[in-house]
Structure formats: structure tokens, C-alpha cells
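**Student:** Submitted below is the structure of interest, expressed as C-alpha cells.
Chains as they are written, first to last, in this note's numbering: chain A, 2 to 313; chain B, 2 to 313.
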């Protein structure tokens with residue numbers, strides 16, 4: 002569904018006709034024509050990266066574009082020759098992510114995790130909830146995904162607190178704190194939304210102790226990466242009712258195995274990594290690529306460069 | 002949870018001190034003090050109505066206020082003496098209903114009914130969906146609940162078509178048609194939202210033939226009354242995949258019995274009649290009652306009068 006195709010490329014090239022002129026494009030799958038193409042390629046776009054011995058295999062290569070947003074699986078970037086730049090697709094997911102976060106917040110507020118657990122048990126229990134406006138969302142990570150979450154939350158009338166490495170305030174956050182201050186804001190959250198990239202700093206950030214700082218009435222949604230949170234500790238809290246509900250779109254591993262306990266954990270909604278993905282996102286990716294290609298041709302710094310030290 | 006209490010009345014009376022002055026209030030449950038109170042009451046407020054022989058039992062009574070919105074269970078109003086007025090609580094549900102409809106639309110768009118059916122089967126299947134903006138919602142009934150649904154849909158960037166008895170266009174509807182024209186607009190719907198009161202005209206409105214007019218990719222939500230729709234026909238369509246998904250908040254009977262097939266129908270989300278109810282709605286009801294009481298004292302026509310012929 003998310004694969005590049007000749008037709009998708011042709012449609013994008015038509016939208017960006019001037020830029021596309023003179024480009025020679027090779028499309029392949031599963032590495033079938035990879036090595037031959039790399040011998041002459043200036044640019045590479047793919048969902049997997051050719052990491053072995055790249056300096057020799059791709060003597061002209063200068064720019065590699067990921068189809069996804071999270072570069073965690075490519076870290077550390079010691080395989081990437083210094084003359085090359087890696088760019089991610091952060092931002093393409095923002096529109097869909099805003100829809101998904103609005104949905105998740107409304108579902109958590111309406112106690113849908115508990116209501117749907119009751120449906121599995123064929124149990125009628127009228128769990129009422131007040132309107133959502135005026136509640137507080139803590140958004141962990143406030144890049145493009147986090148800011149989309151922030152816009153969703155503000156659109157529902159919530160107070161938004163962002164938690165980021167720098168603590169710098171971006172639009173749509175009412176309050177911004179540094180990651181080091183996360184323990185001060187977690188107790189204020191009616192909802193915690195995880196949108197951060199997976200890095201050395203965020204791995205295990207929402208551990209058992211931090212989850213215990215949340216109100217028992219609070220809900221939690223993770224649309225970023227599973228290892229940012231201790232899922233075992235979360236499940237224990239869901240089982241003993243010390244947190245209201247959770248929606249997890251990301252898992253470790255994926256696909257989530259059929260024998261995972263998550264599927265039947267009470268008050269937990271399991272989504273199969275779908276919240277940020279628009280089936281038409283290859284078109285949006287190609288539009289972004291062409292805009293970046295215009296910068297590339299002029300020798301300007303590329304947008305969405307993955308920082309070798311920060312990992313996003 | 003939704004019962005009147007002395008404390009709730011006292012709090013409301015404090016908010017409306019001038020109006021409350023001189024009012025003598027009696028609060029009872031399960032009819033314990035009903036007949037004694039009715040002998041002298043000018044006004045009545047309750048979730049059930051004293052329908053038998055009311056003319057004789059309540060010689061001074063002029064105004065009966067319902068705590069709910071739908072008067073269908075009180076129809077026909079032949080029990081209501083001509084000198085009395087019945088008012089409903091339509092409108093109090095609007096804020097909560099807007100949240101709930103936004104949630105339902107986003108869930109249907111994200112194919113959550115199928116995704117949650119997969120969770121019950123512990124099955125990982127990445128069902129992707131595009132952003133919701135630009136799709137079309139058909140709202141059946143466009144009173145205060147329907148208009149709240151319309152605001153939710155417009156807020157998500159949808160096109161809104163309202164279907165009402167008169168066909169008159171209200172704000173937030175892009176197109177308005179009469180109920181007689183419903184067959185023309187159902188095929189346009191990505192989402193159908195049922196918010197109409199249950200009346201002679203709406204009972205059975207969404208029958209098998211009309212449900213068959215919907216696109217196979219469309220979703221459906223009923224937050225009004227169950228008998229407006231043929232639930233058996235809906236379930237058959239959900240079973241054979243000729244409709245994408247449905248969210249039913251209203252059932253017949255309620256509570257939905259544990260042996261009902263609805264609980265485990267694929268691509269169906271069962272909510273236990275919670276979408277329009279704010280746990281603090283008695284306060285809102287009392288505020289509305291005091292505003293109406295000000296009109297009552299001045300002899301002005303009351304708001305939210307239930308029409309004897311129309312039934313809402």
C-alpha cells in the first residue's frame with residue numbers, strides 16, 4: 002500500500018514538471034536492482050536504507066530520503082558516510098495524526114477503553130463522563146507529530162503542556178517544560194499523549210514510577226514508539242484500575258503477536274500502528290521530496306535532516 | 002446519578018436567588034410524597050410523569066418539566082390536561098453530544114469498528130484510512146442534538162446534509178432536505194448520524210431498503226432512539242460487509258440484554274446510552290428551568306414545549 006510505483010512517481014513528476022525534467026529514476030523492490038542503481042545514483046528514496054559499505058557501493062550518492070518519520074531503527078548513523086545527508090518524512094503524518102489524537106482524546110474522555118472492555122464481556126454499565134473542554138493534556142515530544150496533537154487538543158478546548166528536550170514553547174502549547182521536569186507535570190494530566198521520537202533520552206521515559214504520578218482518572222495514548230513506555234507497568238496499572246484507560250498504536254514487536262497479553266488487557270485499546278498513516282501518503286511524500294529537491298539543486302540545506310547526535 | 006437532590010436544588014437556587022425566593026420545593030423519590038405534593042403544586046419537574054387522572058390529582062398544576070429530551074415514551078399526550086404545558090430538556094445534551102459525535106465520526110473514519118473487532122480476535126490487520134476532512138455526513142433530524150452533530154461534523158471539515166420534517170436549512174448544514182427525499186441523500190453519505198426524535202414519522206425510517214442505499218464504505222451512528230432503525234437489517238449488513246461499521250448508543254430494550262447478538266456483531270460498537278449525558282446535567286437542567294421559570298412568572302410562552310401533535 003505504501004510502496005512507490007511508476008504511476009505514483011509519474012503523477013508526482015507531472016505536478017512538479019520543471020523539477021522532474023532531466024531526472025532519471027529507477028524503481029525497484031527487495032533490492033533487485035539496488036546495487037546497479039546505486040553505482041550511478043545521486044539520490045535515494047526508500048523505506049529501507051542500504052547501510053552496508055555504502056561509501057563504496059554508492060560513489061555519487063549525496064542524499065537519502067526515508068519514507069517514514071522515526072529514524073530510531075537506523076541509529077547510530079555510523080553507517081552513513083559524512084558526504085551524505087539523511088532526511089526523514091516527519092510532518093507528512095500531521096493531518097492524519099491530528100484526527101487520530103482528537104479521536105483518542107475523546108475516546109479516553111468518554112471512557113471508551115472501559116466501555117469496550119464491557120462490550121467484550123456483554124456487560125451494560127453506563128459510565129458517564131463530562132464534556133472534554135477545560136481538561137489538561139500533557140504532550141511528550143512536540144515536533145510535528147506533537148504539535149499536531151497539540152492542535153487536536155486545543156481544538157477540543159484542552160489546556161496543553163508540552164514536554165521536550167529543550168523546553169522551548171511552540172504554538173498551541175499553553176505551558177512548555179523540559180524533559181527533566183516531566184515529574185512535575187504528569188500529575189496535572191487528564192491525558193498523556195506520547196509523540197516523541199525514540200532516542201537514548203526517551204527510551205523508558207514513562208517508567209513505572211512516572212506512570213504512578215498520573216491521576217487514577219487519567220488516560221494515556223502512545224502513537225510514537227513502544228519502548229518510550231513500560232508497557233508491562235502500564236498493563237499492571239490497567240489491571241488494578243489505578244489508571245482510567247489507554248490507547249496504544251505502537252508495539253514492540255510489531256506485528257503484535259497473537260499471544261500477547263495486551264489484546265485482552267482490560268481498559269486497553271490496541272490499534273495496529275495506523276494513527277499516523279494516510280494511505281495516500283506516498284503522494285504527499287513525493288511532493289515534499291520535490292520541494293526538498295529544489296533546495297538540493299540550489300545547494301541549500303535540506304529540510305528534515307536527521308541529526309547524527311540527536312537521532313531525529 | 003441523575004437524580005435531583007436537596008443539595009443540587011440548593012446550589013441552583015443560590016445561582017438564581019431572586020427567582021428562587023418564595024418558591025416552596027418538595028423533593029421525593031419513587032412517588033413517596035407525590036400525591037400530597039401534587040395537591041398544591043403549580044409546577045412539576047421529574048424523570049417520570051404522573052399521568053393517571055392528573056386533572057383531579059393536581060388541581061393547580063400548570064407546568065411539567067421533563068429531565069430528558071425525548072418525549073416519545075409519553076406519547077400520545079392525551080393524559081395531559083389542556084391547561085398544562087409539558088417541556089422537555091432538549092439542548093442540555095448539546096455540548097456532550099458534540100463531543101460524542103466528533104468521536105464517533107473519527108472512529109468510523111478510522112475503521113475502529115473493524116479494528117476493535119480484530120482486537121477481540123487478537124488479530125493484527127493494518128486498516129488504513131485517509132484524513133476525514135472533505136467527507137460527507139448525513140444528519141437525520143436537525144433539532145438541537147442534530148445541530149450539535151452538525152457542528153461536530155463541520156468542525157472536522159465535513160460536508161453536512163440535514164434531513165428533517167420541514168427540510169428547512171439551519172446553520173451548519175450545507176444542504177437541507179425533507180424526510181421524503183432521504184433516499185436521494187443516503188447514497189452520498191460517508192457517515193449517517195441519527196439524531197431525530199422518535200415519532201410516527203421516524204419509526205422504522207432507516208429500514209432495510211434505506212440502509213441498502215448507503216455506500217459499502219459508509220459508517221453509521223445512532224444516538225437518538227433505537228426504533229428509528231432496523232437493527233436486524235443493520236446487523237445483517239455488518240455481518241456480510243456491505244457497510245463499513247456502526248456505533249449504536251441506543252437500544253431496544255435498554256439495558257441491552259447479555260444474550261443480545263449485538264454485543265458480538267462484527268464491526269459494531271455497542272455504547273450503553275452514554276453519548277448525550279453529562280453527569281453534571283442536573284445542574285444545567287436546573288439553570289434552564291430557572292430561565293424558563295422567569296418566563297413562566299411573566300406569563301410568557303415557555304421554551305421547549307412539547308408539541309401535542311408532533312410529539313417533540
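Glycine is no exception: its CB is placed at the ideal position from the N, C-alpha and C atoms. The model shown is predicted, which means the values in this text are computed figures rather than measured ones.
(1) Quick one: what's residue 282 of chain B bridged to in DSSP?
(2) Mind listing the chain A neighbours of residue 232 of chain B? Cutoff is C-beta to C-beta under 9 Å, in chain order.
(3) If you follow the alpha helix (DSSP H) that residue 64 of chain B is in, where does it begin and where does it stop?
(4) By the three-class DSSP mapping on this structure, what secondary structure does residue 163 of chain A have?
(5) Between residue 196 of chain B and residue 6 of chain B, what straight-line distance do the alpha-carbon atoms span, to the nearest angstrom?
(6) Tell me where the beta strand (DSSP E) around residue 88 of chain B begins and ends.
(7) Taking the beta strand (DSSP E) that residue 194 of chain B belongs to, which residues open and close that run?
(8) Return the residue from the list A/208, A/256 and A/273 that minimises the CA-CA distance to residue 249 of chain A.
(9) Nearest to residue 163 of chain A by alpha carbon, out of A/156, A/194 and A/34?
(10) Is residue 96 of chain B close to chain A, meaning its C-beta is less than 7 Å from at least one C-beta of that chain?
(11) Under three-state DSSP, which class holds residue 295 of chain A?
(12) Note the first and the last residue of the continuous alpha helix (DSSP H) segment covering residue 242 of chain A.
(13) Using CA atoms only, rank isn't needed, just tell me which of A/295, A/300, A/280 and A/297 is closest to residue 96 of chain A.
(14) Who pairs with residue 269 of chain B in a beta bridge, going by DSSP?
(15) Below 7 Å between beta carbons: does that hold for residue 246 of chain A and residue 103 of chain A?
(16) Do you know how far the Cα of residue 238 of chain B is from the Cα of residue 210 of chain B?
(17) Show which residues of chain A have a CB atom less than 7 Å away from the CB atom of residue 126 of chain B.
(18) Starting from the C-beta of residue 2 of chain B, find all residues in its chain whose C-beta is less than 8 Å away, skip the five residues before and the five after it, and write them out in chain order.
(19) Please decide whether residue 44 of chain B counts as near chain A, where near means a Cβ-Cβ distance under 7 Å.
(20) Kindly provide the ranges of any beta strand (DSSP E) runs that are 3 or more residues long and lie completely inside the region 103-141 of chain A, ordered along the chain.
(21) Can you look up residue 221 of chain A in the DSSP assignment and give me helix, strand or coil?
(22) Cα separation between residue 230 of chain B and residue 203 of chain B?
(23) Under 8 Å, with one C-beta from each stretch per pair, do the region 143-161 of chain A and the region 83-95 of chain A reach the 3-pair mark?
(24) Quick one: what's residue 178 of chain B bridged to in DSSP?
(25) Where does residue 74 of chain A fall in DSSP's three states?
(26) Helix, strand or coil for residue 187 of chain B, going by three-state DSSP, please let me know.
(27) To the nearest angstrom, report how far apart residue 264 of chain A and residue 165 of chain A are at their CA atoms.
(28) Terminal residues of the continuous alpha helix (DSSP H) containing residue 47 of chain B?
(29) Taking buried to mean at least 16 other C-beta atoms within 10 Å of its own C-beta, is residue 45 of chain A buried or exposed?
(30) Please return the same chain residues whose Cβ sits closer than 8 Å to the Cβ of residue 295 of chain B, not counting the five positions on each side in sequence.
(31) Using a Cβ-Cβ cut-off of 7 Å, state whether residue 129 of chain B counts as contacting chain A.
(32) First and last residue of the alpha helix (DSSP H) that includes residue 214 of chain A?
(33) Look up residue 9 of chain A in the DSSP assignment and give the residues it is bridged to.
**Tutor:** In short, the structure shows the following:
(1) Against the second chain, residue 282 of chain B aligns to sequence position 281. In the DSSP output, where bridge partners are listed per residue, residue 282 of chain B has none listed.
(2) Residue numbering aside, residue 232 of chain B sits at position 231 when the second chain is read from its first letter. What residue 232 of chain B touches in chain A: nothing, since even the nearest Cβ is about 15 Å away.
(3) One-based indexing of the second chain puts residue 64 of chain B at position 63. No alpha helix (DSSP H) contains residue 64 of chain B, which is instead part of the beta strand (DSSP E) from 64-67.
(4) In the first chain, the residue the question calls residue 163 of chain A occupies position 162. Three-state result, residue 163 of chain A: strand.
(5) Here residue 196 of chain B refers to the residue found at position 195 when the second chain is read from its first residue. Here residue 6 of chain B refers to the residue found at position 5 when the second chain is read from its first residue. Near 30 Å, if we compare the C-alpha coordinates of residue 6 of chain B and residue 196 of chain B.
(6) Indexing the second chain from 1 puts residue 88 of chain B at position 87. 86-88 is the extent of the beta strand (DSSP E) around residue 88 of chain B.
(7) Position 193 of the second chain holds residue 194 of chain B. Taken as a continuous stretch (DSSP letters only), the beta strand (DSSP E) holding residue 194 of chain B covers 192-195.
(8) Position 248 of the first chain, counting from 1, holds the residue named residue 249 of chain A. Checking every option, the nearest Cα to that of residue 249 of chain A belongs to A/273.
(9) Start at 1 with the first residue of the first chain, and residue 163 of chain A comes out as number 162. Checking every option, the nearest Cα to that of residue 163 of chain A belongs to A/194.
(10) Mapped onto the second chain, residue 96 of chain B falls at position 95. For residue 96 of chain B, the answer is yes, since a Cβ of chain A falls inside 7 Å of its Cβ.
(11) Here residue 295 of chain A is taken as the residue at index 294 of the first chain, counted from 1. Reduced to three states, the DSSP call for residue 295 of chain A is helix.
(12) Locating residue 242 of chain A in the first chain gives position 241, where the first residue counts as 1. Looking at the DSSP string, residue 242 of chain A is not in any alpha helix (DSSP H), and its letter there is neither H nor E.
(13) Along the first chain, read from residue 1 onward, the residue named residue 96 of chain A stands at position 95. Measuring from the Cα of residue 96 of chain A, the nearest candidate turns out to be A/280.
(14) Translated into the one-based positions of the second chain, residue 269 of chain B becomes position 268. BP columns for residue 269 of chain B point to B/247.
(15) Locating residue 246 of chain A in the first chain gives position 245, where the first residue counts as 1. Locating residue 103 of chain A in the first chain gives position 102, where the first residue counts as 1. Not a contact, by the Cβ cut-off of 7 Å.
(16) The count along the second chain starts at 1 and reaches residue 210 of chain B at position 209. The count along the second chain starts at 1 and reaches residue 238 of chain B at position 237. Rounded to whole angstroms, residue 210 of chain B to residue 238 of chain B spans 11 Å at the Cα level.
(17) In the second chain, the residue the question calls residue 126 of chain B occupies position 125. Near residue 126 of chain B (Cβ distances below 7 Å), the residues of chain A are 273.
(18) Taking the second chain and counting its residues from 1, the one referred to as residue 2 of chain B is at position 1. Bear in mind that the predicted position of residue 2 of chain B carries a pLDDT of just 44, short of 50, making it unreliable; the figure below should be weighed with that in mind. So the qualifying residues of the chain are 280.
(19) Here the question's residue 44 of chain B lines up with position 43 in the second chain. So no, residue 44 of chain B is outside the interface.
(20) 137-141
(21) In the first chain, counting from the first residue as 1, residue 221 of chain A sits at position 220. It is a strand residue.
(22) Residue numbering aside, residue 230 of chain B sits at position 229 when the second chain is read from its first letter. Residue numbering aside, residue 203 of chain B sits at position 202 when the second chain is read from its first letter. Distance between the alpha carbons of residue 230 of chain B and residue 203 of chain B is about 9 Å.
(23) yes
(24) Along the second chain, read from residue 1 onward, the residue named residue 178 of chain B stands at position 177. Beta-bridge pairing links residue 178 of chain B to B/164.
(25) The residue given as residue 74 of chain A occupies position 73 in the first chain. DSSP places residue 74 of chain A in helix when its eight states are reduced to three.
(26) Numbered from its first residue, the second chain carries residue 187 of chain B at position 186. Helix.
(27) Looking up residue 264 of chain A in the first chain gives position 263. Looking up residue 165 of chain A in the first chain gives position 164. Cα to Cα, residue 264 of chain A sits roughly 31 Å from residue 165 of chain A.
(28) In the second chain, the residue the question calls residue 47 of chain B occupies position 46. Segment 44-47 is the beta strand (DSSP E) holding residue 47 of chain B; no alpha helix (DSSP H) there.
(29) The sequence position of residue 45 of chain A within the first chain is 44, counting from 1. Buried is the call here.
(30) What you label residue 295 of chain B is simply residue 294 of the second chain in a count that begins at 1. So the list reads 20, once near-sequence residues are dropped.
(31) Looking up residue 129 of chain B in the second chain gives position 128. At least one chain A Cβ lies under 7 Å of residue 129 of chain B.
(32) Counting from one through the first chain, the residue named residue 214 of chain A turns up at place 213. Residue 214 of chain A -> no alpha helix (DSSP H), and no H or E assigned at all.
(33) Taking the first residue of the first chain as 1, we reach residue 9 of chain A at position 8. DSSP output for residue 9 of chain A lists no bridge partner at all.
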